Amino acid sequence: MSEESPMSGSFVMADYVVFACMLLVSAAVGVYFAFADRGKRSSGDFLMGGRKLTALPVSLSLTASFMSAITVLSNPAEVYHYGASIGFYGLSYIITMVVTSEIFLPVFYRLAVTSTYEYLELRFNRATRLLGTVLFIVQTILYTGIVIYAPALALNQVTGMDLWGAVISTGVVCTFYCTMGGLKAVVWTDVFQLGVMLAGFLSVIIRSVVVQGGILPIISDSEKGGRLNVWDFDTNPLRRHTFWTITIGGTFVWISIYGINQSQVQRYISCKSITHARVSLYVNLLGLWAILLSSVFAGMCLYSVYKNCDPWKAGLVSAPDQLMPYLVMDILQDYPGLPGLFVAAAYSGSLSTVSSSINALAAVTVEDLIKPYTNLSEKHLAWISKGLSLGYGALCIGMAGLSSLMGGILQAAISIFGIIGGPLLGLFVLGILCPFANSKGALSGVVSGLILSLWVGIGAQIHPPTHELTRPLSLTTEGCNFTSPGSLNWTTTALPREPSAIITTPAQHLGDRPALAENWYSVSYLYFSPIGTLTAISVGLIVSLFTGGWSLQVESGLTFMKEDTTLYYLLRFFKDRVMRRTERLDLTSNGEKKTGNTNPAYCDVELDLTKSYIPT
């Protein structure tokens, strides 16, 4: 992996300066908050920002948290290979924000929990809380490993920098500002890093538009190449990407992130009021759309530039996730600093995600695994939180080593969230929406969901779906000329790799596939999450009913209440307005009945007053 690529050494001093500036600003924010908050030594201030954050920085931080290097590198490659159907994630984002702000947010905000898994003990028992915490820690460390590895791969591709040097530097910078500044540093660096991500995308998009002669040729090329054939309403759950898999499967994945994932919940419940928290979720929706639109259009630019010579099939890159950095070095090499800006964008995406994860891991460990069993002072807990941030940072760097063994980065990341996040979402839905679910039902539900989603997830990794189900779009190398000195993308100092070596998967050896691989293991990876969630809820409800769930008395604050919803407030507001208006009408009608009595000249009281007038 650390061997030099054909385009190594293309970075110039300006690129390194831009890149270093991004790292320095991120580190400086951590140092600033470490000094600004040095008088506040409680773990609550370190992990929750003192619960005084406002809507705007939190909303941008929410967007940056899970819009990582995976988005910057993999979404455009996804559009290049499979078409722009991932644009339907825009719909799943809307459903996610509504469900989160109406169902999950009010419960967590009312209880003022630091760790979302505290809720599980309040609602069920300590065993459920511990299981939830352990699952979250495993899921987050796995995901964070992928997120650190992805931009390091890009960096290795475009600069020839040693892959593991890049992995370790990402982890070290991130761990530094998390350990120094806590949640406030994480939120404000996220705001800065989101700006860098958008700037990186825009530099590639604007230059591609100039190279291709405008936006219309890019759209036209994408249309001719089938990249805009997105209206696929096939309900077959085995198809990789259709309207239904992306909107339904995507919604489950994103609700498991925004509704219950500690990294996100920790942010919006650190807002100073529930209104700020709700506004942050809806403003974050605009950020998600902006990043999604940028990444989809960048994928269309990628196809338009390489429609006649696919660098992947030509052996110029070794993985689809290297296509974007390849394009950047191809079209931006004459603009010193801009390749550096793009790599800084990929890095920013990773730093924001990793920092969120480290901060969230420290929070759940302190709240769920240390506080309940010890009597330490707040000052000691604050120091333990910092130590844990350091330890988890090191662990995530180690996990990046394992990520190098996984396949497509985007699919691997969503698979992890589906396999573990799905059953966890089912557990919280049982607690919040099912008042008669008990601890026996909750535990058996989440374990069943986990077993089922692990079975299908691991099976799919061993026996990938066939090309008939994934349907990659056609790519060609007919326009390639490996001898022309004109442009970087047609020139290579390495021999083109044999494409078959890159894309061989067990899927091609159909004789070896077990019967289950034809249907069960071929389910779209986006359905891993719904499988886990629905299994956990179904099993949980059945077991609860058979173990005395009907007679369970649950505190009203622990479950969904209609008074929490925005709709309830709107209805009450309009009802009050209508009542006030009818009362006003009643007053007018009463006045009309008494017409003639209001004139003082005809009023007995006035006559009484004149009678009682005593001359001096």
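Just so you know, we're using my numbering here: the sequence shown kicks off at 2 and counts up by one.
Positions of the beta carbon are idealized from the N, C-alpha and C atoms, including for glycine.
A quick note: this is a predicted structure, and the numbers were derived from the prediction, not measured.
The Cβ atoms of Ile-270 and Phe-109 lie closer than 7 Å to each other.
Each residue's CA atom was taken as its position, placing Ala-278 and Thr-567 some 13 Å apart. Fewer than three beta-carbon pairs drawn from the stretch 460-477 and the stretch 569-584 are found closer than 8 Å, and the two stretches are therefore not classed as touching. A distance below 6 Å between beta-carbons, with the five flanking residues on each side excluded, links Gly-432 to the following residues of its chain, in chain order: Arg-124.
Inclusion of Ile-96 and Thr-243 in the CB contact set at 7 Å is not warranted, their separation being larger than that value.
CA-to-CA, the gap between Glu-122 and Val-13 works out to about 55 Å. By the C-beta density criterion, Met-580 is exposed, having fewer than 16 other C-beta atoms within 10 angstroms. For Leu-542, DSSP records no beta bridge to any residue. When DSSP states are grouped into helix, strand and coil, Cys-179 belongs to the helix group. When only Cα atoms are considered, Pro-238 and Leu-559 end up about 35 Å apart. The stretch 60-135 is shown to contain whole alpha helix (DSSP H) runs of 4 or more residues at 70-83, 90-100, 106-112, 117-124, in chain order. In terms of Cα proximity to Ala-518, the closest of Ile-249, Gly-460, Glu-469, Ala-186 is Gly-460.
In summary, Gly-450 is buried, with 16 or more beta-carbon neighbours lying within 10 Å of its beta-carbon over all protein chains present.
A contact between stretches requires three or more CB pairs, one per stretch, nearer than 8 Å, and the stretch 202-221 fails this requirement with the stretch 83-91. Beta bridge pairing from DSSP links Cys-22 with no other residue.
Going by C-alpha positions, Gly-146 is about 11 Å away from Val-139. For Trp-255, the enclosing alpha helix (DSSP H) covers residues 251-259. When rounded, the separation of the alpha-carbon atoms in Gly-91 and Leu-342 is 26 Å. Just so you know, the alpha carbons of Leu-546 and Thr-467 end up roughly 41 Å apart.
The shortest C-alpha to C-alpha distance from Ser-223 to any of Pro-531, Leu-382, Phe-298 is the one to Phe-298. By the 16-neighbour rule on beta-carbons within 10 angstroms, Arg-585 is exposed.
With contacts defined by Cβ atoms closer than 7 Å, Ala-167 and Tyr-178 do not form a contacting pair.
Here the alpha carbons of Tyr-348 and Ala-320 stand approximately 18 Å from one another. The C-beta distance from Leu-425 to Gly-133 rounds to 6 Å, short enough to meet the 8 Å contact threshold. Looking from the CA of Ala-345, the closest CA among Leu-362, Leu-328, Leu-195 belongs to Leu-195. Of all C-beta pairs linking the stretch 359-371 to the stretch 383-391, three or more are shorter than 8 Å, placing the two stretches in contact. Cα atoms of Tyr-569 and Leu-106: separation of roughly 15 Å, rounded to the nearest angstrom.
Judged by beta-carbon spacing, Leu-339 lies beyond the 7 Å limit of Ser-27, meaning their Cβ atoms are not closer than that value. When secondary structure is reduced to three states using DSSP, Cys-310 falls in the coil class, being assigned neither helix nor strand. For Ser-445, the closest C-alpha among the options Thr-548, Trp-521, Phe-529, Asn-376 is that of Thr-548. Here Leu-54 carries a strand assignment [DSSP, helix/strand/coil]. The stretch 328-371 is shown to contain whole alpha helix (DSSP H) runs of 4 or more residues at 339-365, in chain order. Under DSSP, the beta-bridge partners assigned to Cys-272 are Leu-54. Burial of Val-457 is indicated by the presence of at least 16 other C-beta atoms within 10 angstroms of its C-beta.
Following the DSSP letters along the chain, one finds Val-430 inside the alpha helix (DSSP H) bounded by residues 423-434. Between Lys-314 and the set Val-329, Thr-478, Leu-571, the nearest pair of CA atoms involves Thr-478.
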